[in-house]
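Reading through the structure tokens given below for one structure.
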Amino acid sequence: MRIMAAWALVTLLYWLFMLWDTMRSRQWMLELPRSSAAGAGEQPLVSVIVAAKEEESSITETVQHLLGQTYPRLEIIAVNDRSQDTTGRKLDELRRWSLGRDGIDIPLRIIHITSLPSGWLGKNHALYQGYLQARGKYLLFTDADVRFEPETVADAVHFMQGQQADHLTLAPRMVAKGFWLKAFVQYFFFSFSLFIRPWRANDDFQQRHGMGIGAFNLITRHAYERIGTHQAIALRPDDDLQLGRLVKQAMLRQRLASGMHHLAVEWYRSVPEAMRGLEKNTFSGFHYSLTLAALGVIGQLAMFLFPFIGMVAAPGWTSLVFLLDIALMLTVYWMLIRSMTGRTGIEWIVFPFSVGLLTYIVIRSVWLTLRQGGIYWRGTFYSLKELRRMKEPEA
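So the sequence shown is numbered by full-length UniProt numbering: it starts at 1 and just counts up by one.
Here you go:
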């Protein structure tokens, strides 16, 4: 019982610190503003680069949203990365549809990739090929399933210029259908935020902690080339996050902002799909280190799940301390989820379920990667030896 009481106090200190750190860090939790002056000042050419592999269900809508942007100097480069479905055909149809159409002055270029060279992850290679044909002073790397509001690029460029930033990454509104999926998605990003603390990207006095989000990475050509392009992260499944880290390590100016009112993405359509998707790349977040992954699992169980068990199982005042732990945890959760989504619901009532599910995904990701000797990513196998070779990109 003494051990349980001691752990209740350790957990209390942890959540008090997280509450203090979250409140202190609110100055760095930004939101992309809507700007009536977005058309003023310099308007550099922006090259939007989209990588698509087996995205026939979403690619048409994504490209049409980009073609509808109000920013006047834009080019779109859509890269069909070895798709076996109708993605390539739909992109070619979109290009023909956009040519000479009234109200669409944005050039649309299509690149078809038929083979993948060794030493590359497919998406990273596709984005790099897009860069090689891009002419813009600014490069916008985005995914094939993102929905853009018409003013998104204009507002982003205006904000980036006002902040004198070399890189801007936006967190989209995460569309999750169904109670259980929404509960898990919100918990995942809550846990991820505490682990990464992404808002530190906006602290100009540190160069270690950077951030990048695949839905929206807007970067100057100069900065992108300075960090070594996607060649520096060729085998990273978490290429977006690593790009952000390299920007910071190169002592460039970075901004992370919520884009909840500017762009949206349906991350996964169901809980089983989320489990299968995260199994592929969760281990990479721990740099393929068994030690780090084990510490992550222990931390999840000890700090997030055990207070619920202790509240019921512990006697006397220890139970009350665990109850206080839970209250502090949920306070931090509400603060972070509201900053990311603009709302909070009742999904917190299944918090222990979400903790257990994420813990299971981490364990299964490690087990699958080790059993297979690598990962299958969009139909291509990458050995663990290859992946570990580039586990920490050079600045």
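Note that the Cβ used here is the ideal one computed from N, Cα and C, for glycine as well.
Within the same chain, L67, I104, I106 and L108 come within 8 angstroms of S98 by CB-CB distance, once the 5 residues on both sides are set aside. Beta-bridge partners of W317 (DSSP): none assigned. Here DSSP, grouped into helix, strand and coil, assigns L328 to helix. In the structure shown, Y376 adopts extended strand secondary structure according to DSSP, grouped into three states. The DSSP-derived three-state label of M1 is coil. Between G136 and the set V48, Q249, N217 and D325, the nearest pair of CA atoms involves V48.
Per DSSP, the beta bridge partners of E75 are S47. Just so you know, the alpha carbons of L256 and T142 end up roughly 15 angstroms apart. The residues Q43 and L45, in chain order, have a CB closer than 6 angstroms to that of R73 in the same chain once the five nearest residues on each side in sequence are set aside.
Residue V271 holds the alpha-carbon nearest to the alpha-carbon of K177 among V271, G342, A250 and I111.
Under the Cβ criterion (8 angstroms, minimum of three pairs), the segment 191-211 does not count as touching the segment 112-125. Going by beta carbons, Y360 and W348 fall outside the 8 angstroms limit.
For N202, there is no enclosing beta strand (DSSP E), as DSSP marks it with neither H nor E. Two segments are said to touch when three or more pairs of C-beta atoms, one from each, lie closer than 8 angstroms; by this definition the segment 127-135 touches the segment 215-233.
For I110, the three-state secondary structure derived from DSSP is strand.
Secondary-structure assignment with DSSP links A264 through a beta bridge to R147 and R173. Looking at the backbone, the Cα of E266 and that of P315 are separated by about 44 angstroms. Between the segment 51-65 and the segment 26-37, the count of C-beta pairs closer than 8 angstroms stays below three; the two stretches do not touch. According to the DSSP assignment, I219 belongs to the beta strand (DSSP E) that extends over N217 to T220. In the three-state DSSP reduction, S270 falls in the coil class, being neither helix nor strand.
With respect to the 8 angstroms criterion, L243 and G285 are not classified as neighbours on the basis of their beta carbons.
Within the same chain, Cβ atoms closer than 8 angstroms to the Cβ of D155 are found at L32, P33, R34, S35, A38 and H262, the five residues on either side in sequence being excluded.
Bounds of any alpha helix (DSSP H) do not take in S258; it lies within the beta strand (DSSP E) bounded by Q254 to S258. In terms of Cβ geometry, A134 and I77 form a close pair [threshold 8 angstroms]. Contact annotation, A215 with P172: C-beta distance approximately 4 angstroms; criterion of less than 8 angstroms satisfied. If you draw a 10 Å sphere on the C-beta of I309, you find fewer than 16 other C-beta atoms in it, and that means exposed.
Contact between the segment 286-293 and the segment 373-392 is present, with at least three C-beta pairs closer than 8 angstroms.
When secondary structure is reduced to three states using DSSP, D240 falls in the helix class.
Going by C-alpha positions, L384 is about 5 angstroms away from G373.
With a 10 Å radius around the Cβ and a threshold of 16 neighbouring Cβ atoms, V312 comes out exposed.
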